[in-house]
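According to the working numbering, the sequence shown is numbered sequentially starting from 500. Yeah, the Cβ is synthetic: ideal placement off N, Cα and C, and Gly gets one too. What follows is a set of notes on a single structure, which appears directly below.
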Amino acid sequence: MKVFISTLATETNTFSPFPSVRESFTTREYFRGDGGLRAPVLGNIPLIEWRRLATSDGDQVVESICAFAAPAGKTQRTAYEGLRDEILEDLQKALPVDKVLLFLHGAMVAEGYDDCEGDIIARVRETVGPSVPIGVEIDLHCHLTELMRTKADIIVAFKEYPHTDIAERAREVYDLVGRTLAGEIRPVMALEDCRMIGVWRPPTEPMRSFVTRMSEAEGHDGILSVSFGHGFPWADVADVGAKMLVVADNDMKAAVKTAERFRQELWDIRDLAAQRYDTVEEAISAALSSSAAPIVFADVADNAGAGAAADNTNILRGLIDRKVENVAIGCFWDPVAVQMCLETGVGGELDLRVGGKMGPQSGDPVDLRVTVMGIKRDHSQPALSGGRMSLGTGVWVNGAEIDIVLTSTRLQTHSPEAFTALGCELTDKKIIVVKSMQHFLTGFGPLAAEVRYVDAGGSASTKFATLPYSKKRQPYWPASLDPFQANAGYSQEEVR
């Protein structure tokens, strides 16, 4: 058999000041034909699994591009169309193929394309015809659409956040597509709109039990897969928001019933599952009044993983104003400051302007007299599901008795190595500030005596009820306390 595999992904924050261009993909993570043969980064993790499984089965693998850009604003139209067309051209040359496996994000938006994933899947379907099974793995921060549902055979989203199960979900897609091709199953998919926008955290209750129940439903009563698409709140598109996706074996009624059940369960736990966010003052006061250490602050609204600039200074300014010491904070994306530190060298002192460079959502720049404590030109950190990602050049400076990590590459803080590989130890710190929403937990969770989530401003605001959506068609919680009006996401004809 011949298996066609490819990755094209980014997460689009339409409120972000950063455009995504072709170089956003090609200079970060871009492979052509051999992504599945390389060390795991992020976008190639499913390709590695699919290539390994297909080779074990004695199948021929045809791999197209693996292109993955950092979360940012809308992708330039010509960049998106060019990358998409590379996949379609490779697919056309590979015909006939027996199955197609795609790793897409689910929240990619380009100029003229609010549903890039639906567009790609639909064009792949047009190319391969109705009988070739198409399996798709997506991030759980996705906009699940009818076009995606009707043009793919199998869609599976990550269940975990932090995303520790990328490889596992890739194996699930491979298995279900293989069973479809063998005639063992006839998958149908149902979508249920949860009419909710928010952030959900699977490691903690009540979401831990919710995810467990999703997994337990699989393999029973014809249910093949259950995915909770959390949605990506920072995108002004019609399909933004949480949705349940259920794949069943030739039984749309079972798929719909299961999706509705989990939608209701999510609604019932909405208040318990909702995260409270501190202000800067609240977080600092709580930390100073606690004997626990270290306390980790998650600077959630300045999370580069959601398209923010990672240069907001509001927490740093609050710490300085309160004269808080024994603190480490990072990673600030500040190539200008990094370059100045490079020219100064380790041990040197300089007056440095930190952060606040990308506009009002970045806060005001902070001017400090700093000492350059450490430099690493090829700085990196462990990332998702065994991958490793570059931070570019990393610099550790100390100013106002605060340790600050600056990087030349914009990336959220995943691991303590972002600090310790520069020589900045963390075990003696009272407060550690990480610019991340959730992925930091894998690395910092075992270290933290306590975690506090802080919304200090940035392009990834957690004030979901007031985000300036212009395209969303349905009411949603928390902007509406009663957002349910009618079923959404599938036709009653399919249910019958």
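Excluding sequence positions up to five away, which residues of its chain have a Cβ less than 8 Å from the Cβ of Thr513?
In the sequence shown, counting from the first residue as 1, residue 513 sits at position 14. Apart from the 5 residues on each side of it in sequence, Thr513 sits with its Cβ closer than 8 Å to the Cβ of Gly572, Lys573, Val608, Trp733, Ala734, Asp735, Val736 in its chain, given in chain order.
**Asked** Which residue comes first and which comes last in the alpha helix (DSSP H) that contains Phe761?
**Response** Taking the sequence shown and counting its residues from 1, one reaches residue 761 at position 262. Residues 751 to 767.
**Message:** Rounded to the nearest angstrom, what separates Lys598 and Arg537 at their Cα positions?
**Reply:** As a first step, residue 598 is located in the sequence shown; it is residue number 99 there, counting from the start. As a first step, residue 537 is located in the sequence shown; it is residue number 38 there, counting from the start. Roughly 22 Å between the two C-alpha positions.
Helix, strand or coil at Lys501 [DSSP, three-state]:
If you number the sequence shown from 1, residue 501 lands on position 2. Three-state result, Lys501: strand.
Between the Cα of Lys650 and those of Ala959, Asp614, Leu639, spot the shortest distance and give me the residue it belongs to. Residue 650 sits at position 151 when you count from the first residue of the sequence shown. With distances taken between Cα atoms, Lys650 lies closest to Asp614.
- Message: Helix, strand or coil, according to DSSP, for Asn802 in the structure here?
- Response: Here residue 802 corresponds to residue number 303 of the sequence shown, with the count starting at 1. Coil, per DSSP.
Query - Nearest-angstrom Cα separation, counted from Met872 out to Glu848 - result: Walking along the sequence shown from the start, residue 848 turns up at place 349. Walking along the sequence shown from the start, residue 872 turns up at place 373. Approximately 9 Å, taken between the alpha carbons.
* Locate the alpha helix (DSSP H) running through Pro834, then write down its first and last residues. => Here residue 834 corresponds to residue number 335 of the sequence shown, with the count starting at 1. Element bounds for Pro834: 834 to 843.
Where Arg995 and Met857 are concerned, what is the direct C-alpha to C-alpha distance, given to the nearest angstrom?
Here the question's residue 995 lines up with position 496 in the sequence shown. Here the question's residue 857 lines up with position 358 in the sequence shown. Reliability fails at Arg995, whose pLDDT of 49 lies under 50, so the model's placement of it is uncertain and the value that follows must be treated cautiously. Arg995 and Met857: Cα-Cα distance of roughly 53 Å.
Does the beta-carbon distance from Leu582 to Phe524 come in below 9 Å? Taking the sequence shown and counting its residues from 1, one reaches residue 582 at position 83. Taking the sequence shown and counting its residues from 1, one reaches residue 524 at position 25. Going by C-beta atoms, Leu582 is nearer than 9 Å to Phe524.
Requested in this report: Return the CA-CA distance between Ser708 and Thr870, expressed in angstroms with no decimal places.
Outcome: Locating residue 708 in the sequence shown gives position 209, where the first residue counts as 1. Locating residue 870 in the sequence shown gives position 371, where the first residue counts as 1. Those two C-alpha atoms are separated by around 47 Å.
Expressed to the nearest angstrom, what Euclidean distance is found between the alpha-carbon atoms of Ala899 and Arg694? Along the sequence shown, one-based indexing puts residue 899 at 400. Along the sequence shown, one-based indexing puts residue 694 at 195. Looking at the two C-alpha atoms, the distance is approximately 46 Å.
For the candidate residues Asp877, Pro881, Ser884, whose alpha-carbon lies nearest to that of Gly893? Taking the sequence shown and counting its residues from 1, the one referred to as residue 893 is at position 394. It is Asp877.
Worksheet entry | Continuous beta strand (DSSP E) stretch holding Thr892: start and end | Here residue 892 is taken as the residue at index 393 of the sequence shown, counted from 1. Start and end: 887 to 898.
Q.
I'd like the list of long-range same chain contacts for Gly617, defined as Cβ closer than 6 Å, with 5 residues on each side in sequence excluded.
A. Walking along the sequence shown from the start, residue 617 turns up at place 118. Contacts found: Thr644, Leu646, Met647.
| field | Exposure of Asp981, with buried meaning 16 or more beta-carbon neighbours within 10 Å | value | Working through the sequence shown from its first residue, we reach residue 981 at position 482. By the neighbour-count rule (16 or more Cβ atoms within 10 Å), Asp981 is not buried but exposed.
From what residue to what residue does the beta strand (DSSP E) around Met706 run?
What you label residue 706 is simply residue 207 of the sequence shown in a count that begins at 1. No beta strand (DSSP E) holds Met706; the alpha helix (DSSP H) holding it covers 706 to 716.
### Query
Sorted by chain position, which residues of the same chain lie with C-beta nearer than 7 Å to Gln991's C-beta, five sequence neighbours on each side aside?
As a working mapping, residue 991 is identified with position 492 in the sequence shown. Per-residue confidence for Gln991 stands at a pLDDT of 45, beneath the threshold of 50, marking its modelled position as unreliable; no derived number is given.
Handout entry: Distance between Asp584 and Arg760 (C-alpha atoms, nearest Å)
Key = Residue numbering aside, residue 760 sits at position 261 when the sequence shown is read from its first letter. Residue numbering aside, residue 584 sits at position 85 when the sequence shown is read from its first letter. Approximately 39 Å between the Cα atoms of the pair.
task = Tell me, please, which residues DSSP counts as bridged to Tyr660.
result = Within the sequence shown, residue 660 is the residue found at index 161, counting from 1. Answer is none; Tyr660 lacks a bridge partner.
Is Thr509 helix, strand or coil by DSSP? Position 10 of the sequence shown holds residue 509. DSSP places Thr509 in coil when its eight states are reduced to three.
Original post:
Thinking C-alpha only, which one of Lys934, Pro881, Gly730, Arg852 is nearest Ile828?
Top reply: Residue 828 sits at position 329 when you count from the first residue of the sequence shown. Checking every option, the nearest Cα to that of Ile828 belongs to Lys934.
With a 10 Å radius around its C-beta and 16 neighbouring C-beta atoms as the bar for buried, classify Leu905 as buried or exposed. Along the sequence shown, one-based indexing puts residue 905 at 406. With 16 or more other Cβ atoms within 10 Å, it is buried.
Task: Arg648: first and last residue of the uninterrupted alpha helix (DSSP H) it sits in - done: For the purposes of this step, residue 648 is taken as residue 149 along the sequence shown, with counting starting at 1. First-last of the alpha helix (DSSP H) with Arg648: 645 to 650.
Between the C-alpha atoms of Tyr989 and Ser515, what's the straight-line distance to the nearest angstrom? Taking the first residue of the sequence shown as position 1, residue 989 is located at position 490. Taking the first residue of the sequence shown as position 1, residue 515 is located at position 16. For Tyr989, the pLDDT reaches just 44, beneath the cut-off of 50, and the residue's location in the model is therefore unreliable, although a value from the coordinates is still provided. Those two C-alpha atoms are separated by around 32 Å.
- Using a Cβ-Cβ cut-off of 7 Å (strictly less than) and excluding sequence neighbours within five positions of Gly721, which residues of its own chain qualify? As a first step, residue 721 is located in the sequence shown; it is residue number 222 there, counting from the start. Only Ala747, Asp748, Asp750, Ala753 meet the Cβ criterion.
Exercise for the section: Evaluate the contact criterion for the stretch 709 to 729 versus the stretch 783 to 801: three or more CB pairs, one atom per stretch, below 8 Å. Expected result: no
- Query: Since Ile901 sits in a beta bridge, which residues does DSSP pair it with?
  - Reply: Stepping through the sequence shown from its first residue, residue 901 is reached at position 402. Paired residue(s): Val826, Gly898.
Notebook entry, point to check: With 16 other CB atoms within 10 Å as the buried threshold, where does Thr926 fall?
Noted result: The count along the sequence shown starts at 1 and reaches residue 926 at position 427. Its Cβ having fewer than 16 others within 10 Å, Thr926 is exposed.
| task | Could you check how far apart the C-beta atoms of Val826 and Lys929 are, in whole angstroms? I think they sit under 8 Å. | result | Counting from one through the sequence shown, the residue named residue 826 turns up at place 327. Counting from one through the sequence shown, the residue named residue 929 turns up at place 430. Correct: roughly 7 Å between the Cβ atoms.
Problem - Among Leu680, Thr577, Gly854, Glu636, the one whose alpha carbon lies nearest that of Glu610 - result: The residue you call residue 610 lines up with position 111 of the sequence shown. Closest by alpha carbon: Thr577.
Item to complete: Quickly, what does DSSP pair Asp748 with across the bridge? List them, please.
Response: As a working note, residue 748 is residue 249 in the sequence shown. Paired residue(s): Pro686.
Original post:
With DSSP run on the structure shown, which of helix, strand or coil describes Cys693?
Top reply: As a first step, residue 693 is located in the sequence shown; it is residue number 194 there, counting from the start. It is coil, neither helix nor strand.
request  = Would you tell me roughly how many angstroms separate the C-alpha atoms of Leu507 and Ser879, rounded to the nearest one?
outcome  = One-based indexing of the sequence shown puts residue 507 at position 8. One-based indexing of the sequence shown puts residue 879 at position 380. The C-alpha of Ser879 is placed about 23 Å away from the C-alpha of Leu507.
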